[in-house]
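Structure first, then comments.
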Amino acid sequence: MSKLAEQTADMASGTPERILLAAEKLFSERGIDAVSLREITAAAGVNTAAAHYHFGSKEAVLKELFSRRAQPIADRREELLGHLEPDTSGRPVLEDILAAFLRPGLEALGTPDGMAFSMMRARMAFEREEVRRAALSQAFNRTSEMALKALAKALPDLPNHTLHWRFHFLLGSMVYTMAMPGRIESITHDGIDTVEPETALAELVRFAAAGFRAP
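If you want this note's numbering, it's the position in the sequence shown, counting the first as 1, plus 493.
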């Protein structure tokens, strides 16, 4: 059982937990702004007063939910980035860095619990609300900085400005893959399974590595 699945089982009892699970489902399906606290409590089968008592506001529900879900992903990413093996030149291998950075988030796509969180996290990446952007930064900035440092070591001839642009595009590819599973299938009709974690990871690492190595 994945950490996200274990968390869902742990969150399945008790009023606060029911509120969080209902909020996650609604946020992932409809977006954050489109969902009211009243709708969350109705889906959870509790009254609005209970939500105000336990959390105080919809933003507080979002912040608590995101913190619980994001931390295992960030911890796993930090672990993988911290154990990169150097190549014969003493530098980390580009594909290994990319796989370590991408794997924890993409693995979540393989479970119903992780799919809901992945879609919610992707929606937050496009939010302009500072509270929500701050939650993303708090959860993932440290591991993004670790990845950038490793990439700089792996690609010493790449100017920092260019490296940062390419990392920006890597983030965009990752978020889109998490936010729009099934989109490419609707265009090509060739049976591509974008939610199968290992396939998605292998293809995205190959694509991103070519971009980082481009002149």
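Note that beta-carbon positions come from the ideal geometry of N, C-alpha and C, so glycine has one too.
Excluding sequence positions up to five before and after Ala-543, its CB lies within less than 8 Å of the CB of Thr-508, Ile-512 and Thr-534, all in the same chain and listed in chain order. Just measuring C-alpha positions, the residue of Ser-666, Gly-675 and Glu-517 sitting nearest Arg-562 is Glu-517. In the DSSP secondary-structure assignment, Pro-690 is not bridged to any residue.
A residue is called buried once 16 or more other Cβ atoms fall within 10 Å of its Cβ, and Arg-706, having fewer, is exposed. A residue is called buried once 16 or more other Cβ atoms fall within 10 Å of its Cβ, and Ser-529, having fewer, is exposed.
Taking the Cα positions, Gly-575 is about 10 Å away from Asp-568. When DSSP reads this structure, Pro-585 sits in a beta bridge with Pro-579. Contact holds between the segment 609–623 and the segment 671–684, because three or more Cβ pairs, one in each stretch, are under 8 Å apart. DSSP places Glu-622 in the coil class of the three-state scheme, outside both helix and strand.
Shortest Cα-Cα distance from Ser-521 to any of Gly-549, Gly-583, Ala-618 and Gln-631 involves Ala-618. Here the C-alpha atom of Gly-538 lies approximately 36 Å from the C-alpha atom of Leu-595.
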